[in-house]
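Offset between the sequence shown (1-based) and the working numbering: plus 42.
For glycine and all other residues, C-beta sits at the position ideal for the given N, C-alpha and C.
Because the structure is a prediction, the values reported are computed rather than measured.
One structure is given here, and the rest of the page talks about it.
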Amino acid sequence: MHKGNLRRIVLIIILVGLATATLAIHTIDLGIGGVKLERGGTGPLGLRLGLDLQGGVQLVYQADEPGTTEKQMEGVRGIIENRVNAFGVTEPSIQLMGENRLLIQLPGVEDVEEAKNLIGQTAVLEFRERDCLNPQCTEFNDRDVGLTGDNLARATWERHQTTGQPIVRLNFDADGRKTFGEVTTRIAGTGDRFAIFLDEEELVAPVARQAILGGDAFIEGPDFTTARVQTLAIQLESGRLPVPISVLTEQDVDATLGADALRRSVLAGYVGLILVVLFMVAYYRIPGGLACLALLCYIVMVLAILKLVPVTLTLAGIAGVILSVGMAVDANILIFERMKEEFRAGRSM
């Protein structure tokens, strides 16, 4: 066997092995350096399913102000779309209904309240200097320092490099850096604190070990979860909605096709694969068996790619995967038929 062929075979074995391992593990949660890879859905093999197969949340919002224009509602739709996309909801549907309503469908979302907090609320962030009146800081006076969320240049969520806990990282603009530096200079090394409020609710009141003059800070809290800091960062980053909106109707959407349709789709895939294998082996014998082995490798790698990208599978998507099973052997059939022509002409293997 040529070395080139051997290298190719080894490469194929490695790729198929990695793809098989990807599908065997339902939920993938890896941290590689500073990159966090989280993959896995509610479907078979950890694949993500669309609204038609797994259901989700449906919300209808209405503008609170009379005389709202279509252009304003388009602005609201754009901001909500940015928030939903940043939150990682797969295959969301956000549509205008009439002049002042929005229909929002979020597949796979189970927490209606979290969805409403993400979509409809505008986070009002305020920073206050806290003068502690006792060592435990159970008694204190808060003073407004003129620093709000309007001074934010950027808000992102990440994990703390040391503790691994989810945090919200803040970058202030020029005015915010100046004010933030002055406040942290005053309280650095003292028992006084820097209280952070969101919508008048205290998030955290940390001390400052040293003055922070670069305008780069982060928020952490004992009850912060990944979903919480992600929502918070998206709200702060997206800004205020141009028009206040309120929920008109809300409901959990059952899967329109449901588990039965998914089961039938998977069964159709198995039947289609078996029929292709039977035909190839019966008609082409050993070459057909090798083609079927290649077909199995193809299916495993395609499903692994769909999981890693990740791609949301709807019923139409599953039908496409099943159709590709037959198309994937098309080149093999052409090759085998051409070989048969050469054999009939007297050529050797």
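Taking all protein chains in view, the Cβ of residue 325 is surrounded by fewer than 16 other Cβ atoms within 10 Å, so the residue is classified as exposed. The three-state secondary structure of residue 239, taken from DSSP, is strand. Three or more beta-carbon pairs separated by less than 8 angstroms are not found between the segment 61-69 and the segment 115-129, which leaves the two stretches without contact. Nearest C-alpha to residue 261 among 387, 158, 207, 306: 207.
Taking C-beta separations shorter than 7 angstroms and ignoring five residues to either side along the sequence, the partners of residue 257 in its chain run 213, 214, 218, 219, 222, following chain order.
By the CB criterion at 8 angstroms, residue 273 and residue 159 fall inside the cutoff.
Between residue 370 and residue 332, the CB-CB gap reaches or exceeds 8 angstroms.
Short of 6 angstroms from the beta carbon of residue 87, and not among the five residues preceding or following it, lie these beta carbons of its own chain, in chain order: 65.
Counting only unbroken stretches of 3 or more residues, the beta strand (DSSP E) elements lying wholly within the segment 265-335 are 287-295, in sequence order. Per DSSP, reduced to three states, the secondary structure at residue 198 is strand. Residue 79 sits away from residue 292, with the two beta carbons spaced by 8 angstroms or more. For residue 259, the secondary structure class from DSSP, reduced to helix, strand or coil, is strand. For residue 54, the number of other beta carbons within 10 angstroms of its own is below 16, and it is reported as exposed. If the five residues before and after residue 233 are omitted, its C-beta is found closer than 8 angstroms to the C-beta atoms of 174, 177, 179, 249, all from its own chain and listed in chain order.
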